[in-house]
Each structure stands twice: as structure tokens, then as C-alpha cells.
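Colleague:
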Ligand code: TYM
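The following block contains the structure:
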């Protein structure tokens, strides 16, 4: 499996008439706001891929409950997630935007795939090891353990060509391909083997205070994360106080200068200016000027995003309509795949009388 660059695709590239090849991805509603890692690592690609693909994007509420959630907070975050997807540019006219729990086929296929997964195979998933490390394995839920298998189901149900994600999801994609292959081999060719779509430049946005660690909701300090919905003034301050490396030269070098390199990545991604050009632009200037300018770029970017999200959140009825029509589109596809799976494993078809 290779790291993808933009897949070149003709408007009708699947070989099945006029159907466009599919993309699918999901995001967890486990924080009040998405952060820059989510946006640059994944969401931006979702927006771009809508153009030439048939897109399915969902909010992984079932994944969220693998760790304890306050029901009221979770419900609120799910709608905030939907609003943020739309504010980021995911277009409900073109993309199916839906809640995972609205399409029961995800959990249904997950059971079948769990029965196909080796215990040792599931145990090798590094995210489980990381996420269960804090409280110890004994305290982690079985759901957290089987999380990657639910993720495989999310993907395989839609038979997508590409799954746009950040680097941290690569291992789950590998499991997904293994399970698809196993099922196809044991029963009959049913699933497409999906390719990860991981843009090298933004595959791992790092923490502003700890620039060798990935930017993550569970970061030790809030100052390390830029939340898309933060007050723009706060985001600007976080950029200005980001950890930079020794020396004063603005240069891209992830080993020697992980902090500056991360800021260059963000700067380049937000402005479309190449890293090379940026380095030239800041030749002879210090970190101060560089961070001040990036802070302005960030403010300019997050302000309209935040305003649009808040506007969308004022109209819950429209958000719920978007989710309902997304779930209808998704269910139509997912139920067909599930019916094939049930048939192939030997379940008796229910007859309606
Ligand atoms: P989640 O909710 O943790 O993150 C959503 C997306 O953001 C990417 N991402 C990052 N990319 C670059 N740098 C970072 N620092 C960074 N942090 C997060 C993630 O890689 C992801 O693409 N298991 C998934 C949700 C999921 C899913 C799926 C994704 C459930 N089912 C099916 C794809 C297909 C997750 O927890 O993502």
C-alpha cells in the first residue's frame, strides 16, 4: 500500500457505467471542535475529493462510545461535528453526510468481521495499546479493542476506492484490506480492497508544544492544539507561543527543527505557498516575524469557518435534514452489501409475509 498522491480520476472511472468511484471517511465527535490535524490531515481532502468521486462521510458516534461519554455532551458534539463538516466545505448536495448510528449495517457487518478476525491480529493494533495504556488493559472496554473491526465495516460496506485519512489510521486500513481479502477468499469476492489516501505533506500535523507528537484531542496541554472553533485570538496566541527549535533560521528539517517544520507545513497548507518559497521569504528573518505572519494567516482562515459553523448550529432542523438524507443515501448502499454478506456466510434470508 502506498501513500497516495492525488488519485487521477476521470469523472466516470469505476468501469460500471457512469458511476463515479467512491470515497469514504469518518471522524469521531469526541471534542467540541475539530483541530488542525483533523482538518489538514483529512477534512480538506474530503472537500477536494467530492469533485470527482461519489463521497460518503460520517460522524463516528459509535466509535466515540468506546470510551465513556456524557450523553448530553456527545449529542451536542455530534451536531457540532455535522456543522463543522459543512462549514469546512463538505457539500450535502454532493456528499452523503451521516451519523454512523443511523445506519445499523455498520454494527451488523462488524459482528461478521469480528468472527473473521484473529484475537492476536486485533491485539496488534497500536491504537488500542496507546489508548489503553493509561488506565491499563483491564480497564479498557471490549469496544475499544474491537474498534478497528467496526472501522473496517464502516469502510467495506461502501466498497470505496479511497479512504482519505491521516497517517495514524494507516494500520487500521491495512487490517481492513486483510479482512476484505480474507472474506473474499473464504466466501466469494464481495469487497473492494480500499486504498488509503494519505497526503504526505499533511499526514501528521504535530503538537505546537511537543512537536514530535501528533496533534491530538488527548494532548497534555491545550496550548499544543489549534481548535478550529477556538476564538481566533486564542489560536493566534498559540501560534505565537509555539515551541520553536534552537537557532533562528526558518528551515524545513523535521529531525533538527520539528517545531518550525510543523509551522511551515501548516503555513504552506493554508496559503498554497510551497515550503521552499516560504523558506526563501523568511531568509534572514527570525522566528518572531514568521510566527506573527502565520498567526495572521490562521486568524484569517478560522474566522469565517467559525462564523459559518455557529450559523449552521442555529438551524438544527436543517442539520437534521442533512443527516437524514445522508443516512438514506448511505443505507441504500450499505444494506445491499450487508445482504450479500449475510447470504454468503449462510444466513437464511428472512421472508416478509
Ligand atoms: P479521528 O476522529 O481521530 O480523526 C479524524 C481524521 O483526522 C486525522 N487526524 C490527523 N491527521 C494529521 N495529523 C494529525 N495530527 C491528525 N489527527 C487526526 C485522522 O487520521 C482521521 O483521518 N478511527 C477514525 C474515525 C473512523 C474512520 C472510519 C475513518 C471511524 N471509522 C472509517 C476512516 C474510515 C478516527 O478516530 O479518526
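Residue numbers (the working numbering): 224 to 576. Using N, Cα and C, we set each Cβ at its ideal position, and we do this for glycine too.
Going by C-alpha to C-alpha distance, which of 541, 574, 564 sits closest to residue 309?
Modeller: Of the candidates 541, 574, 564, the one whose C-alpha sits nearest the C-alpha of residue 309 is 541.
Colleague: Below 6 Å CB to CB, which residues in the same chain sit around residue 554 once its five sequence neighbours on both sides are set aside?
Modeller: Answer for residue 554: 326, listed in chain order.
Colleague: Output the boundary residues of the alpha helix (DSSP H) element that contains residue 288.
Modeller: Counting along the chain, residue 288 falls outside any alpha helix (DSSP H), and DSSP gives it neither H nor E.
Colleague: Taking 7 Å as the cut-off, is the C-beta of residue 251 nearer than that to any heavy atom in the ligand TYM?
Modeller: Residue 251 Cβ: within cutoff of the ligand TYM.
Colleague: If the criterion is Cβ atoms closer than 8 Å, does the pair residue 277 and residue 245 meet it?
Modeller: Yes. Within cutoff.
Colleague: Alpha carbon to alpha carbon, what distance is there between residue 472 and residue 616?
Modeller: As shown, the chain starts at 224 and ends at 576. That puts residue 616 outside it, with no answer to give.
Colleague: Excluding the five sequence neighbours on either side, which residues of its own chain have a C-beta within less than 7 Å of the C-beta of residue 407, listed in chain order?
Modeller: For residue 407, where only same-chain residues beyond five positions count, the Cβ hits under 7 Å are 413, 414.
Colleague: In the DSSP assignment, the alpha helix (DSSP H) including residue 561 goes from what residue to what residue?
Modeller: From DSSP, the alpha helix (DSSP H) with residue 561 extends over 539-568.
Colleague: How many Å lie between residue 528 and residue 297 at the Cα?
Modeller: Computed Cα separation, rounded: 21 Å.
Colleague: Which whole-angstrom value describes the C-beta separation of residue 551 and residue 514, a residue pair presumed to lie in contact below a C-beta threshold of 8 Å?
Modeller: Going by Cβ atoms, the distance from residue 551 to residue 514 rounds to 47 Å, so no, they are not a contact pair.
Colleague: Helix, strand or coil: which one does DSSP assign to residue 233?
Modeller: Note on residue 233: pLDDT 44, under 50, position unreliable in the model; the coordinate value appears next. It is coil, neither helix nor strand.
Colleague: Give the list of continuous beta strand (DSSP E) stretches no shorter than 3 residues that lie fully inside the region 251-308.
Modeller: Runs found: 277-282.
Colleague: Could you tell me whether any non-hydrogen atom of the ligand TYM is closer than 7 Å to the CB of residue 477?
Modeller: It does not: the Cβ of residue 477 is nowhere closer than 7 Å to a heavy atom of the ligand TYM.
Colleague: Any chance the region 558-569 sits against the region 320-336, with 3 or more Cβ pairs inside 8 Å?
Modeller: Touching, yes, given that three or more Cβ pairs across the two stretches are closer than 8 Å.
Colleague: Just mark residue 530 as buried or exposed, buried being the case when its beta carbon has 16 or more other beta carbons within 10 Å.
Modeller: Classification of residue 530: exposed, given that the 10 Å Cβ count is below 16.
Colleague: Just to confirm, is the Cβ distance from residue 263 to residue 428 under 8 Å?
Modeller: Result yes, Cβ atoms of residue 263 and residue 428 sit closer than 8 Å.
Colleague: For the ligand MN, is there a heavy atom less than 7 Å away from the beta-carbon of residue 506?
Modeller: The ligand MN is not among the ligands present in this structure, which contains only the ligand TYM.
Colleague: What do you get for residue 352, buried or exposed, if any count of 16 or more other CB atoms within 10 angstroms of its CB means buried?
Modeller: Exposed, because fewer than 16 other Cβ atoms sit within 10 Å of the Cβ of residue 352.
Colleague: Look at the alpha carbon of residue 563 and the alpha carbon of residue 432, and state the distance between them as a whole number of angstroms.
Modeller: Cα-Cα distance, rounded: 49 Å.
Colleague: Any idea what DSSP makes of residue 481, helix, strand or coil?
Modeller: If DSSP states are grouped into helix, strand and coil, residue 481 belongs with the helices.
Colleague: Between the region 249-258 and the region 397-406, do three or more beta carbon pairs fall short of 8 Å?
Modeller: Counting Cβ pairs under 8 Å, fewer than three are found: no touch.
Colleague: Give me the Cα-Cα distance between residue 302 and residue 390, rounded to the nearest whole angstrom.
Modeller: Between residue 302 and residue 390, the C-alpha separation is close to 26 Å.
Colleague: Would you mind sorting residue 435 into buried or exposed? The rule is 16 or more other CB atoms within 10 Å of its CB.
Modeller: Its Cβ having fewer than 16 others within 10 Å, residue 435 is exposed.
Colleague: Would you grab the beta carbon distance between residue 307 and residue 532 for me? Rounded to a whole angstrom, and I think it's under 8 Å.
Modeller: The Cβ separation is near 5 Å, so the contact holds.
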